[in-house]
Amino acid sequence: MSQTYYAILTAIGEAKLANAAALNTTLKIAKMAVGDGGGAVPTPNRTQTALVGEWYRAGLNTLKVDPSNTSQIIAELVIPEATGGNWIREMGLYDVDGNLIAVANTPPSYKPQLAEGSGRTQVLRMVLVVTSTIAVELKIDPAVILATRQYVDEAITAAINTLDSKQSVRVATVGPIALNGTPSVDGIALVVGDRILVKDQAAGAANGIYVVAAGAWPRAADANASLEVTPGMLIPVEVGNTNGDSLWQLVTDGAITLGETTLAFEMVGGIVGAAGTYRSVTVDRRGRVIGGTNPTTIAGYGIVDGPQAYGIGRHVDWREVSGVSITGAPSSFYGRGTAHGFANGATDGNRALAIPALGTGTVYGALTVHAQWADNSGLSTVIREFRTGTRIFISAAASATTWSSWVEVFTSGNPEGLPYAALPFPTVDTHDGRIAVTATVVSGNGGRVSIPSGVKIALGEELPGNTARVRTLATPAWNSDALAENKTYFLRANIQNGALTPYISTGSDTDSAPQSLKTQAGQPAGYDSTVLDVLLAKVVTGAAGSAPTVIALANKAKLEAAAYWVGASGSYSLTLNWARSPKATVASFADYDDNSKSDYTIAADNTGPDSIPTGGYSDRYAGRVYIAAYIPTGNPGPGKINARVRWEA
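Position one of the sequence shown corresponds to residue 234 (the working numbering), numbered consecutively onward.
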């Protein structure tokens, strides 16, 4: 069926449009005219330069590309109600030069005028198909525009679409999805026509607001142009297991080109977690609490510089005991043992604690602390603590079944630190106050020495303000480096960083104690033990390949010795081998025979000038005595003397 009513370009219009396309310029359409066709509907002719019966011409009301067909241009003319009294059978478009560039016929329609008693505003639209809408300038004179209802509706819609606040969407994505069909999103089955916020695509430029379709999804009409997608755009979400009843904001700033600019969305309102009370929370950059946990470990709180031990607090058992002397062995290491709570030592024998008799006072309980250390050594440590009156004691066991002896760590009568002069002399916890030192041969050197682990030594540990406290620490298994041959060394130990630290260094018996009362390897080390540095042995090396000679020295808070001799003039000696020089006193003396004597000499004390070179002065290795009897002439005689001498450190 052939068309009766249609529009065509005139020859002039064809030429001008082709020229505009070729020269990359535009054809400017300015006006639209209507006519009565001379009383009959005319047939459009491309050779026309004017309408057959034009009776009205005016500027265009609108000129735009058809949104449904981009190859069509829609021109609109409004005839006011006061104009009319004629039939409309033809229309034409004129450019800015006054040339008729397009002509169309139309079904006859009468346009009355107000004077006839029936006035109306007439809106006429002419649809023109062109090969290139780009070559047509879509520009009209705003002074002649009359707002039609459709125009107003479209203008309002366009204005609304550019606002930051958008119409709500049904759901929002929770991950990348294919933009087609009717899938389920966030637990909601979608249907055609649903609006959806797409925010999680791998290509961020594909994010935005879409409308669900059976095929490919189009962008929503209020967000399908760059000017409609603005920074700060807000989109409410209606339903969804994760995003239901939430509000999302476009946080992409700056100019946006839809389809090219990455679009990023953030939730600015909505449910972000379960209600409850939490000890540790997560806060986003907006200051909102978005998560919470109730950690039960130090690591759970994010603490990385705390004590590196596992199981603290896992088995804390108070034991109510009667009296101050109960026995038992540890049986509960990390991850083992009975539940929390109170137990009676008499009925829970395998968990009872052993403490010595402490005199009067009430025992309030013993706290057992379990720790599995972080070095993965497999070493489990159990520490017990109890208080009686104002005294606190601790005991420990490491991967064993025997508790250590109780050690008093606090009493209200003892300050934390004491002046050096108030500290007791170091004590080596052996029967004779000496530690066993083993000498071994090293080929090409003077040998080496070693000491065993586990020997307890009570020694002062420095505190601030020239004070110290007494610590009882066990020796580590220790070996010296290879020693130089034909040298005199002294083996010592002091407390460094809370640990008993042995060391060996050269020196002589005449070395003076330093002002600090302690030294380290590389410094003269032959001085007596001090309250901060214990002298353990003298080590003398010989030729290469021989074992060193070791003299182990005694360290006790109290050292004393006594001896007596009956004899004529001469020197007498007693082996001491102490870690400090003694003081000697003559306890008693008497004649041993009836020979005449004018005087006696008994030299034993190590103080004063060396007036008797042949002996009689004591040191850390030997107590020496010189005894002499004098005949009346003043020379030493044959008489004998009975002398008793006492040495004290």
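By construction, the Cβ of each residue, glycine as well, lies at the ideal position given by its N, Cα and C atoms. Note that this is a predicted model, so its numbers are computed, not measured.
Alpha carbon of residue i to alpha carbon of residue j, nearest angstrom
i, j, result
"Ala-337", "Thr-463", "42 Å"
"Ser-802", "Ala-862", "6 Å"
"Asp-486", "Gly-420", "31 Å"
"Lys-791", "Ala-715", "34 Å"
"Thr-660", "Lys-789", "4 Å"
"Asn-712", "Leu-769", "14 Å"
"Ala-746", "Tyr-534", "50 Å"
"Gly-778", "Gly-800", "43 Å"
"Asp-299", "Val-470", "33 Å"
"Arg-667", "Arg-702", "22 Å"
"Pro-345", "Glu-287", "16 Å"
"Arg-353", "Asp-478", "49 Å"
"Ser-417", "Pro-528", "36 Å"
"Glu-323", "Leu-491", "42 Å"
"Asp-826", "Tyr-833", "13 Å"
"Val-484", "Gly-437", "12 Å"
"Ala-240", "Asn-278", "10 Å"
"Ala-669", "Phe-723", "14 Å"
"Val-425", "Ser-401", "16 Å"
"Val-682", "Ala-691", "22 Å"
"Ala-263", "Ala-253", "16 Å"
"Arg-704", "Asp-665", "20 Å"
"Ile-784", "Lys-771", "5 Å"
"Val-285", "Ala-315", "23 Å"
"Ser-821", "Ile-864", "21 Å"
"Ala-447", "Leu-480", "27 Å"
Close beta carbons around residue i, own chain, < 6 Å, minus the five adjacent residues each side
i, result
"Asp-374", "With a pLDDT of 45 at Asp-374, under the threshold of 50, the modelled position of this residue cannot be trusted; read the value that follows with caution. For Asp-374, where only same-chain residues beyond five positions count, the Cβ hits under 6 Å are Gly-292."
"Ala-754", "Tyr-736, Ser-738"
"Ser-555", "Only weak support exists for where Ser-555 lies, its pLDDT of 34 falling under 50; the value from the coordinates is given anyway. Same-chain partners within the cutoff: there are none."
"Ile-860", "Ile-835, Ile-874, Ala-876"
"Ser-883", "A question about residue 883 goes unanswered here, because the residues of the chain that appear run from 234 up to 882."
Reference residue i, options the options, closest by Cα
i, options, result
"Lys-261", "Ala-754, Leu-296, Ala-255", "Leu-296"
"Ala-508", "Leu-496, Val-522, Thr-495, Asp-517", "Val-522"
"Ser-676", "Gly-318, Val-703, Ala-780", "Ala-780"
"Ala-876", "Val-772, Tyr-797, Glu-695, Leu-750", "Tyr-797"
"Glu-175", "Leu-483, Gly-441, Thr-280", "Summary: the structure shown does not reach residue 175, with the chain confined to residues 234 through 882, and so no result is reported for it."
"Leu-361", "Leu-326, Phe-498, Ala-273, Val-484", "Leu-326"
"Asn-294", "Ile-307, Ser-417, Trp-288", "Ile-307"
"Glu-499", "Asp-455, Ala-488, Leu-430, Thr-490", "Leu-430"
"Asn-828", "Ala-669, Lys-873, Leu-807", "Lys-873"
"Pro-409", "Ser-804, Ala-439, Asn-810", "Ala-439"
"Ile-468", "Ala-672, Val-404, Leu-491, Arg-518", "Val-404"
"Gly-912", "Asn-319, Pro-697, Leu-809", "Limits of the chain in this structure are 234 at one end and 882 at the other, which puts residue 912 out of reach."
"Lys-187", "Glu-718, Val-858, Asn-719, Ile-728", "Residue 187 cannot be examined here, being either before or after the span of the chain that is shown, 234 to 882."
"Gln-482", "Thr-510, Ala-458, Arg-519", "Arg-519"
"Gln-756", "Thr-515, Arg-725, Ala-691", "Arg-725"
"Gly-687", "Gly-693, Glu-694, Thr-663", "Thr-663"
"Ala-776", "Ala-820, Glu-718, Ala-795", "Glu-718"
"Pro-685", "Thr-303, Pro-865, Thr-734", "Thr-734"
"Ala-497", "Trp-320, Gln-355, Val-505, Gln-434", "Gln-434"
Cβ neighbour criterion (16 or more within 10 Å) applied to residue i
i, result
"Ile-536", "exposed"
"Asp-330", "exposed"
"Thr-243", "buried"
"Thr-406", "buried"
"Thr-282", "exposed"
"Ser-851", "buried"
"Ala-335", "buried"
"Arg-512", "exposed"
"Gly-611", "Interpretation of Gly-611 is limited by its pLDDT of 48, a score under 50 that renders its predicted location unreliable; the figure taken from the coordinates is listed afterwards. Its Cβ having fewer than 16 others within 10 Å, Gly-611 is exposed."
"Glu-309", "buried"
"Thr-708", "buried"
"Asp-186", "Because residue 186 is not part of the residues shown, which for the chain are 234 to 882, the question remains open."
Sequence-distant residues of the same chain with beta carbon closer than 7 Å to residue i, five excluded per side
i, result
"Ala-453", "Arg-428, Ile-442, Tyr-443, Val-444"
"Val-674", "Gly-680, Gly-778, Ser-779, Ala-780"
"Val-773", "Thr-721, Pro-781, Thr-782"
"Trp-811", "Leu-786, Ala-787, Leu-792, Arg-853, Ala-882"
"Ala-579", "In this prediction, Ala-579 scores a pLDDT of 32, lower than 50, which makes its location untrustworthy; no coordinate-derived value is stated."
"Ser-459", "Ile-489, Thr-490, Leu-491"
Beta-carbon contacts of residue i that lie in its chain and below 8 Å, excluding the five residues immediately before and after
i, result
"Ala-449", "Leu-412, Asn-413"
"Leu-750", "Tyr-653, Thr-763, Val-764, Leu-765, Asp-766"
"Asp-838", "Lys-816, Ala-817, Thr-818, Tyr-850, Ser-851"
"Val-516", "Val-522, Ile-523"
Below-8 Å beta-carbon distance, residue i vs any chain D residue
i, result
"Val-362", "The chain inventory of the structure shown lacks chain D, comprising one protein chain alone."
Please give the ranges of any alpha helix (DSSP H) in the stretch 696-741, keeping only runs that are unbroken, at least 4 residues long and fully inside the region. none
At what residue ranges does the stretch 271-313 contain a whole run of the alpha helix (DSSP H), taking only runs of 4 or more? none
Within the stretch 426-460, note down every full beta strand (DSSP E) run reaching 3 residues or more, in order along the chain. 428-431, 441-444
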